[in-house]
Each structure stands twice: as structure tokens, then as C-alpha cells.
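Numbering (our numbering), first residue to last: 68 to 368.
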Amino acid sequence: MIRLQETVQPVLRFAPSPNGALHLGHALSALTGFELARRLGGRFLVRIEDIDRARVKPEYVAGVFEDLAWLGIAWEQPVLFQSEHLAGYRQAAARLSAMGLLYPCFASRKEIIAAADPARVDPEGALVYPGLWRGRPEADIERELAKGEPYAMRLDMERALAVARKMIGGAPITFTEIDAAGRRRIVVCDPQRWGDVVVLRKETPSSYLISVVVDDARQGVTHVTRGMDLFAATDAQRVLQILLDLPAPLYHHHRLIVDPMGQKLSKSTGAQSLASLRAAGLSAQEVLQRISREAVSLPSG
Ligand code: GLU
Numbered sequence: 068m069i070r071l072q073e074t075v076q077p078v079l080r081f082a083p084s085p086n087g088a089l090h091l092g093h094a095l096s097a098l099t100g101f102e103l104a105r106r107l108g109g110r111f112l113v114r115i116e117d118i119d120r121a122r123v124k125p126e127y128v129a130g131v132f133e134d135l136a137w138l139g140i141a142w143e144q145p146v147l148f149q150s151e152h153l154a155g156y157r158q159a160a161a162r163l164s165a166m167g168l169l170y171p172c173f174a175s176r177k178e179i180i181a182a183a184d185p186a187r188v189d190p191e192g193a194l195v196y197p198g199l200w201r202g203r204p205e206a207d208i209e210r211e212l213a214k215g216e217p218y219a220m221r222l223d224m225e226r227a228l229a230v231a232r233k234m235i236g237g238a239p240i241t242f243t244e245i246d247a248a249g250r251r252r253i254v255v256c257d258p259q260r261w262g263d264v265v266v267l268r269k270e271t272p273s274s275y276l277i278s279v280v281v282d283d284a285r286q287g288v289t290h291v292t293r294g295m296d297l298f299a300a301t302d303a304q305r306v307l308q309i310l311l312d313l314p315a316p317l318y319h320h321h322r323l324i325v326d327p328m329g330q331k332l333s334k335s336t337g338a339q340s341l342a343s344l345r346a347a348g349l350s351a352q353e354v355l356q357r358i359s360r361e362a363v364s365l366p367s368g
């Protein structure tokens, strides 16, 4: 059964990963959620997605709050830090494991790249995992475990889809997308294009996928507002929501702000941070104007 949380008070969130400074794209995401929450009479939360211990820095976390306050955004306390909830993600993964849907994968990046089909890439352009450890004999797994080799836990996507479909009575897996004009449409998911996704990473007992799903439910998020770059990721998130019996939020993926070369803004390509725009003397008002010039109108609900 697909459950949409429409009768409860709307809850929206901005969920940055503090792996770098926020840029205009983040400002648009945060403002979209904040404005929509205000319009719907809902609550607005900030969630710090800080599970990537190698890349997270305290100054980036502090920067999130400084930037949001500067933009005139207010959020509820307390803020949820994902690094404090690793046990919950592990627990959710254990549930999937008990359903026979996860398997350990000891393969290195190198081995995966060598075995992958170059023609099979996921929506983010990464090679699809070639299933190296799916269905491997118990003895192989025991041997690697005995050696103390690190492993990731992957979702057996085909099996997961079969179980998820059964759980929703054979209906297709879908989500509801609200466009910038407030129109709703049902999107039919194609999670298979992601292959056997990682649910628990080798280096962290979590992943973006499992933590976003667990936390959107934990926080009662009714409307997920985020950039179009995460549109396709919703497919895999819906599979986990169904398997873990979690409610389906509504989604609004806003258009991306692009640089003069037409590339989406990103930390890695050196997009100007909000902090640097502020230091250069731009006012928050000017940043807001720049965003509203770039962005299409906000959805009405
Ligand atoms: N933490 C993710 C990011 O910064 C966004 C998560 C989401 O909105 O679902 O890209």
C-alpha cells in the first residue's frame, strides 16, 4: 500500500552533507524547503548528513548554520546529526539482512572496475556493480571474514524488487513528484538501473541511501525538496521505504543552478561558496535575487 502523509502537519527538511562549503545550489534547496514549509504551515528541519568521516569537517558544519541564518532561514532544534545515529542505520540494514536481501561484498574498487560491463552505467555515470559477491558460497564469505577483510553490505536488487513488489500487491514502485507549478505526477521507478547498491559501506556502517530513508521516516518528513540531481536516487530510496515499511513522502526535485559553462554547481568544481560571496560583500538579499532569477517558481504544495 502506498501511504502518503497528507493529513499530518507538513514536515520539510534541508539535509546537506558537510563535505564542503555551501554554494548557491544549496541556498536554493534550503530556501525551497523553507518557503514551502512556510506556505504549507509546516515545520522546517535541518539534518546534517555527516556520515562520510573522511570528508566531514567541523568548519563545514558551522558554515551550514552561518549560511542559513544569513539567508534568513529559521529551523527547528534540535538538529539531527547522522553520525550520532549509526546504530539505527545498522538496525535497518539488519532487518533487510534478515529478509535475505543483503550480502557482504569484499571486492575492491579495482576488482569491480575490472569486472564491470563498461556499457552498464548508473544514472550518476558510475559503473554498475557486476555482482561479484552475489550468491557466493558461505565458505568464501567465512574465509574473508576470518582474514578480517573489510566488506560492504549490498542489496540484492533483483530479489529486493521481487519482495517489494509483492509487499505492495504487485503494483509498480512509484513516487509522487510535485513540479514547480504545484502539479503532481506519478513517477514509475526503475531501481534496477542502480544495480546492487551499497547499503552499509566498507568504511562507515551506513550509506547515504539507508540513512536518508531511515531519517526521512524518523523525522516524519512529508515533502522531500532537493535538487534534480537526486531525482533518480529516489527510485532506490522507494525500494527501501517499502521493504522497511516506511511511509512515502511527496517529492519536489527543483532545477539545478548551473555555472556559465552549463555545469551544475558542485563543491568539487570549485563553485563559489556562499561564505565567499558574503566575504566579497554580497548581501543576502542579492544572493536571494540571484537565486530567484535562476530558479523556477516554487511549488504550491
Ligand atoms: N545530503 C545530500 C546532499 O547534500 C542530500 C540529501 C537529500 O536531500 O536527500 O547531496
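For every residue, glycine included, the Cβ atom is placed at its ideal position computed from N, Cα and C. Here the structure is a predicted model, which means the values were calculated and not measured.
Inter-segment contact for the segment 269-283 and the segment 230-237 is absent: fewer than three beta-carbon pairs are separated by less than 8 Å. Counting only runs that start and end inside the segment 205-268, the alpha helix (DSSP H) elements of at least 4 residues fall at 205-213, 224-234. Residues A160, L163, L169, M220, R221, L222, S274, L276, I277 of the same chain have their beta carbon placed closer than 7 Å to that of V266, with the five preceding and five following residues left out of the count. With 16 or more other Cβ atoms inside 10 Å of its own Cβ, L344 counts as buried. Rounded to whole angstroms, the gap between the alpha carbons of R293 and A206 is 43 Å.
Taking 8 Å as the upper bound for CB-CB distance, Q76 and G109 are in contact here, some 6 Å apart. When A193, C172, A182, A181 are compared, the shortest CA-CA separation from I208 is found for C172.
For the options E178, Y156, V288, Q330, the alpha carbon positioned closest to that of T271 is the one of Y156.
Cα atoms of Q339 and R226: separation of roughly 43 Å, rounded to the nearest angstrom. With respect to C256, R305 sits close: the two C-beta atoms are nearer than 8 Å. Taking 7 Å as the cut-off, the C-beta of E116 counts as close to a heavy atom of ligand 1. By the neighbour-count definition (other C-beta atoms within 10 Å, threshold 16), R105 is an exposed residue. For R260, the CB stays at least 7 Å from every heavy atom of ligand 1. Residues of the same chain with a CB within less than 6 Å of the CB of E116, apart from the 5 flanking positions on each side, are A82, S84, Q149 in chain order. If you keep only unbroken beta strand (DSSP E) runs of at least 3 residues inside the segment 127-174, you get 169-172. Straight through space, the alpha carbons of T301 and R250 are spaced by roughly 18 Å. Between I245 and the set H321, L228, P217, the nearest pair of CA atoms involves H321. The DSSP-derived three-state label of A182 is helix. Judged by DSSP in its simplified three-state form, L199 adopts coil rather than helix or strand. Ranked by Cα distance from F242, the first of Q308, P204, D189 is Q308.
A direct Cα-Cα distance of roughly 11 Å separates E126 from L89. Residue burial annotation: R80 is buried, with at least 16 other C-beta atoms found within 10 angstroms of its C-beta. Runs of alpha helix (DSSP H) with 4 or more residues, each lying fully within the segment 270-358, are found at 275-285, 300-310, 341-346, listed in chain order. Cβ-Cβ distances below 7 Å link A303 to P258, W261, V264, L276 in the same chain, with the five nearest sequence neighbours on each side left out; the list follows chain order.
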